[in-house]
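K.L.:
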Amino acid sequence: MIFSKAALRTLLIAMVPVIELRGAIPVGLAGGLDYWEALVLAIIGNVLPVPLIILFAQRLLKWLSKTFTFMRKFTDFVQNRAVAKAKNIGKFQFLGIMLFVGIPLPGTGAWTGSLVAAVLEMPLKRALPAIFLGLILAGLIVTGVSYSAIWALT
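Per our numbering, residue 349 is the first one in the sequence shown, and the count goes up by one each step.
1) Nearest-angstrom Cα distance between Ala354 and Val375?
2) Output the distance between the C-alpha atoms of Asn394 and Arg357, rounded to the nearest integer angstrom.
3) So, does the segment 379-392 touch the segment 467-477, judging by three or more C-beta pairs under 8 Å?
4) Go to Asp424, then tell me how far its alpha helix (DSSP H) extends in each direction, as first and last residue.
5) The alpha helix (DSSP H) spanning Gly450 covers which residue range?
6) Let's test the definition: count the other Cβ atoms within 10 Å of the Cβ of Ala372 and tell me whether it reaches 16, buried, or not, exposed.
7) Using the rule of at least 16 other Cβ atoms within 10 Å of the residue's Cβ for burial, across every protein chain shown, is Lys433 buried or exposed?
8) By DSSP, does Gly393 sit in helix, in strand, or in coil?
Shown next, in the form of structure tokens:
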């Protein structure tokens, strides 16, 4: 299967922290993709880094902090933010992570949800489905809002 530029752009933008699926879907729709194409590509792109983040985030942050002392403020910020978000999720880990990722607000998403899962030491086999379901929920919301906005403007 050969990807169009819009499809490749959507997939790659979804992998970028902070922008993630919320930015990728409108870009895909603006690039001429069908809303289902934009949704699926954004979910795939957004979920690709998740296993790596869950498995290696804490080790990477510790290594960066020890190896590059100038990075300590940044690594402490990331770690403290994940811990603060983890406190809100509490004992309802699966549902908490799913809803945290699924409600497309600033500061939420697959990257932060993966960091929270890593801090909570959730096994990958439990965290990945929660994040994936959250991405589907967020994707449906963002696609609906984007499609409605495009429809209203045309």
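Backbone N, C-alpha and C define an ideal beta-carbon position, used for all residues, glycine too.
P.N.:
From the atom records:
1) In the sequence shown, the residue the question calls residue 354 occupies position 6. In the sequence shown, the residue the question calls residue 375 occupies position 27. Computed Cα separation, rounded: 8 Å.
2) As a position in the sequence shown, residue 394 is number 46, starting the count at 1. As a position in the sequence shown, residue 357 is number 9, starting the count at 1. For the pair Asn394 and Arg357, the Cα-to-Cα distance works out to about 12 Å.
3) Flag = no, the segment 379-392 and the segment 467-477 do not touch.
4) The sequence position of residue 424 within the sequence shown is 76, counting from 1. Looking at the DSSP string, the run of the alpha helix (DSSP H) that includes Asp424 is Arg420 to Ile437.
5) Translated into positions along the sequence shown, residue 450 becomes position 102. It spans Gln441 to Gly450 - the alpha helix (DSSP H) in which Gly450 sits, taken as one unbroken run.
6) Stepping through the sequence shown from its first residue, residue 372 is reached at position 24. Around the beta-carbon of Ala372, 16 or more other beta-carbon atoms lie within 10 Å, marking it buried.
7) Within the sequence shown, numbered from 1, the residue matching residue 433 stands at position 85. Buried, because 16 or more other Cβ atoms sit within 10 Å of the Cβ of Lys433.
8) Position 45 of the sequence shown, counted from the start, is the residue given in the question as residue 393. Residue state, collapsed to three classes: helix.
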